[in-house]
Amino acid sequence: MNFPKVSFVVPCYKLGHLISECLSSILSQTYTNFEILVMDDQSPDDTAQVVSTFSDKRIKYIRNQENLGNLRNYNKGIELCRSEYIWLISADDYLRRPYILERYIKVMEANHKIGYAFCPGVSVIDGREAGVLPYSKYDEADRIIDGRRFLNRLLKSNFIVAASALVRRECYDNIGRFPLTLGMEWSGDWYLWCAFALTYDVAYFAEAMVCYRAHALSMTTTLAQQENLHRCSGGDLAVPLKIRSHARELGLKQVEDACLQAIANEYVQQCKSKKYQSSAWSLSLPAFEASLHENIHSEKERAYIRARVFDGIGDSLWAGGERSRAQASYLASAKIEPPAVKAYIKYLLVSLGVPGNHARTFGRYLRGSING
626 MNFPKVSFVV
636 PCYKLGHLIS
646 ECLSSILSQT
656 YTNFEILVMD
666 DQSPDDTAQV
676 VSTFSDKRIK
686 YIRNQENLGN
696 LRNYNKGIEL
706 CRSEYIWLIS
716 ADDYLRRPYI
726 LERYIKVMEA
736 NHKIGYAFCP
746 GVSVIDGREA
756 GVLPYSKYDE
766 ADRIIDGRRF
776 LNRLLKSNFI
786 VAASALVRRE
796 CYDNIGRFPL
806 TLGMEWSGDW
816 YLWCAFALTY
826 DVAYFAEAMV
836 CYRAHALSMT
846 TTLAQQENLH
856 RCSGGDLAVP
866 LKIRSHAREL
876 GLKQVEDACL
886 QAIANEYVQQ
896 CKSKKYQSSA
906 WSLSLPAFEA
916 SLHENIHSEK
926 ERAYIRARVF
936 DGIGDSLWAG
946 GERSRAQASY
956 LASAKIEPPA
966 VKAYIKYLLV
976 SLGVPGNHAR
986 TFGRYLRGSI
996 NG
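Residue numbering for the sequence shown follows the numbering used here, beginning at 626 and increasing consecutively.
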């Protein structure tokens, strides 16, 4: 039996009014050896009727007997695929260029070390393109990147638009599917991009060839509501924690150290106040301590993270004009992890007032010039 080279998994829930554009964009691809699995998660709308208007036999409509939720629906779709490559794209997103699949396949077939390919995404608001998503631009030119080198940057934040990624099936088979733990609805794709990069290289295409639709019913918008932010923040912290565990098992000390830094940076963001679309999440210091003891078992590593959290809070307070509180935070950082020269310098600069502000601004300019 001849299996398709590519499987498009199209999860859908209450998106019958948008799925036509998604399916049409896939069917218009110049590379044609693919199947489309529409994974209807018990939608109460007209999704089934809309899909039935497409006569192309490459489309397979699967309606779940019960609502599985996003991650279980994704995993079920992946399990049903019969191909070498898998493209997971939500029914509200769509491909922007008819040659994107052909370009991806050409590069991935020529280089079997590549685990997945991706590109920047274009935001679509109220049915109109609103420009390339700035965070999704990795470089100005097409590149094949060593996976572990790529991981160093990816650990800082998730800049991959999920709808843009074509994944080699063996990544899912050898490394895993979406984890079903708390918070992975928000961060599951980020976790997989990181986990795959531990073993595989990554292909990046500089042209923005997919569209990401922002609307009230999107999963991202729903999850970023105030009542769900504990799940989002938990997921963002779980990613570097999980990847660190994998790196330790593989004996990758440099990756393990990079993950510890990423964990510290995530705690800093959450203690300062982290934005999730129009909402914000703040982790109190008692909650931070409880989380730190739950997740980090070395007192030396806890001290490293605490020092960076107080340093980050000091930066935020200084920027907000709260000099005395910023000084106290820098001093706390310095006492946790002596000699902490950087924290002491900041402490002294804050005490100088306006001259200290100018000195710090000049220092940032110099660092930017050197790094640039």
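Backbone N, C-alpha and C fix where the C-beta goes; we use that ideal spot for every residue, glycine too. Remember, predicted model here, so these are calculated numbers, not experimental data.
Beyond the five residues adjoining it in sequence on each side, R856 comes within less than 8 Å, by CB distance, of L807, G808, E810, W811 and L848 in the same chain, given in chain order. Contact holds between the stretch 829-838 and the stretch 745-752, because three or more Cβ pairs, one in each stretch, are under 8 Å apart. With a beta-carbon spacing of about 7 Å, A887 and K781 fall inside the 8 Å limit used to define contacts. I684 has its alpha-carbon roughly 25 Å from the corresponding atom of V732.
When DSSP reads this structure, G746 sits in a beta bridge with V835. Secondary structure note for V757: it is in no alpha helix (DSSP H), and the uninterrupted beta strand (DSSP E) holding it is R753 to V757. Annotation for F659: the continuous beta strand (DSSP E) segment containing it runs F659 to D665. Note that the C-beta distance between A828 and I769 is below 8 Å.
The beta carbon of I800 sits closer than 7 Å to the beta carbons of A820, F821 and T824 from its chain, once the five residues preceding and following it are set aside; these are given in chain order.
Comparing C-alpha distances from I730 to each of L696, A915 and Q654 shows the shortest one belongs to Q654.
In this structure, the straight-line span from the alpha carbon of D671 to that of G694 is close to 19 Å. If you draw a straight line from the Cα of N627 to the Cα of Y763, it is about 36 Å long.
For Y901, there is no enclosing alpha helix (DSSP H); the enclosing beta strand (DSSP E) covers residues K899 to Y901. Spatial neighbours of Y972 in its own chain (CB-CB distance under 6 Å, excluding positions within 5 residues in sequence) are listed in chain order as Q952, Y955 and L956. Under the three-state reduction of DSSP output, V975 falls in the helix class.
Under DSSP, the beta-bridge partners assigned to A828 are A742 and I769.
Contiguous alpha helix (DSSP H) elements confined to the stretch 687-737 occur at 695-705 and 725-735, taking only those with 4 or more residues.
With fewer than 16 other CB atoms across the displayed protein chains lying within 10 angstroms of its CB, N736 is exposed.
F821 carries a helical assignment under DSSP once its states are collapsed to helix, strand and coil.
The criterion of a C-beta distance shorter than 8 Å is not satisfied by A863 and I930. Residue burial annotation: G752 is exposed, with fewer than 16 other C-beta atoms found within 10 angstroms of its C-beta. Annotation for W712: F633 and L791 place their beta carbon closer than 6 Å to its own, counting only its chain and skipping 5 residues before and after. The Cβ atoms of V631 and L720 lie no closer than 8 Å to each other. CA-CA distance, I687 to I644, rounds to 14 Å. Straight through space, the alpha carbons of V893 and L974 are spaced by roughly 21 Å. Nearest in C-alpha terms to D718, of all of Y656, S649, A788 and T657, is A788.
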